[in-house]
Amino acid sequence: MSKPLVSIIIPNYNKAPYIRESIESALNQTYKNIEVIVVDDGSTDQSREIIKSFGKKIKAYFLPHKNANVARNFGFKKSKGEYIQFLDSDDIILPEKIEKQVELLEKTGGDMALCYWAHLTEKNELKNIKKIPETFEKEQMLLWHIQGNLFICMSPLYKREFISSTFWDEKLRRAQDIDFHIKISLLYPTAKTIPEVLAYYRITSPDYKKMCKYRLIWAQDSFYVYNKLKGKVCGKEKDYLSQILFHIARGIYDCDKNLYWGIVKTASRLSHTYYKSESNLFMFTYKLLGLEFAEKLASLLRKIWRK
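Numbering (the working numbering), first residue to last: 113 to 419.
As structure tokens, this is what we get:
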């Protein structure tokens with residue numbers, strides 16, 4: 113019997129230093145029945161030339177600049193595979209990833225197969241291996257996400273028929289993975305994990321001059337994503353959701369006080385335990401001197417640390 117086709121979809125925007133390695137990691141899979149679809153989102157660097165250099169080894173499309181989710185949705189519509197792999201253009205999948213995950217899905221009939229991943233630094237060092245549960249049954253994945261966990265878009269291999277009605281939200285600038293996988297979780301998937309690092313997620317040094325802007329966008333979009341769950345959770349799930357929202361707010365205390373207090377207000381309405389996932393030092397200061405003082409102290413400590 114012929115092996116099922118796997119579509120590897122790579123959106124790209126101005127990732128010229130990394131995209132060649134990403135595409136090569138897709139092409140170098142031990143599993144050979146694949147199609148590699150690269151969708152360039154209007155890059156202005158050398159990405160187009162690098163993509164074109166692969167010729168007929170890949171299917172390349174060049175769009176006007178919009179965002180990564182537009183590129184992902186476009187790539188999915190062009191794909192033919194029975195299984196779907198998303199891969200960002202600065203990340204890497206290891207050679208046996210697709211083969212092992214296809215074998216797992218064919219054996220179990222699950223909706224998606226997952227794997228561990230590790231951070232790849234600018235010095236090509238591997239750090240922070242990310243482990244996830246061995247199995248997810250039905251509502252377990254949604255609960256796991258509500259508890260503040262996530263997996264990056266290249267960890268799963270999806271069964272196409274399972275995600276065919278789930279699209280990436282093209283309004284989002286950040287938190288795309290969170291939104292997509294929460295929507296997947298609401299379909300109550302069955303998933304199993306290969307307990308091996310089969311993907312590398314590239315991290316770069318932060319630019320603190322731009323950090324506030326990025327944090328603000330991330331907070332706005334993350335708040336939008338998680339806030340949609342308010343009417344879909346109850347009991348302990350509300351506690352977890354309130355704690356996530358408060359953690360999002362804390363990330364922008366130095367950037368936008370109005371948005372900070374707006375998110376805190378939403379979190380506190382959900383549950384009075386909204387602050388309980390924070391550090392012991394923060395919780396101690398909060399209980400002793402109040403929220404405003406605790407945040408001011410945390411802000412001061414962050415500034416000292418950056419120096």
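Just so it is clear, CB atoms sit at the ideal spot from N, CA and C, and this is done for glycine as well.
Source: prediction; values computed, not measured.
- The Cβ-Cβ distance between L199 and I120 falls below 7 angstroms.
- By the 16-neighbour rule on beta-carbons within 10 angstroms, R362 is buried.
- Under the DSSP assignment, Q288 falls outside any beta strand (DSSP E), being part of the alpha helix (DSSP H) whose first and last residues are Q288 to S297.
- V151: member of the beta strand (DSSP E) spanning I146 to D153, first to last residue.
- Under DSSP, N392 takes part in no beta bridge, so it has no partner.
- Residues of the same chain with a CB within less than 7 angstroms of the CB of F166, apart from the 5 flanking positions on each side, are I135 in chain order.
- About 7 angstroms separates the beta carbons of I196 and F188, which is inside the 8 angstroms limit, making them a contact pair.
- Between V148 and Y125, the alpha-carbon positions lie close to 17 angstroms from each other.
- Closest option to D202, judged by alpha-carbon separation, among E249, K144, N236 and G260: N236.
- The count of Cβ pairs closer than 8 angstroms, one atom from the stretch 330 to 341 and one from the stretch 358 to 372, reaches three, so the stretches are in contact.
- Rounded to the nearest whole angstrom, the C-alpha separation of S114 and G260 is 40 angstroms.
- Under the DSSP assignment, T305 falls in the beta strand (DSSP E) whose first and last residues are A303 to R314.
- Where I120 is concerned, there is no enclosing alpha helix (DSSP H), although the beta strand (DSSP E) around it starts and stops at V118 to N124.
- Taken in chain order, the unbroken stretches of alpha helix (DSSP H) that lie wholly in the stretch 178 to 237 and span 4 residues or more are 180 to 190 and 209 to 220.
- For I275, the secondary structure class from DSSP, reduced to helix, strand or coil, is helix.
- Note on geometry: alpha-carbon atoms of E273 and G193 lie some 10 angstroms from one another.
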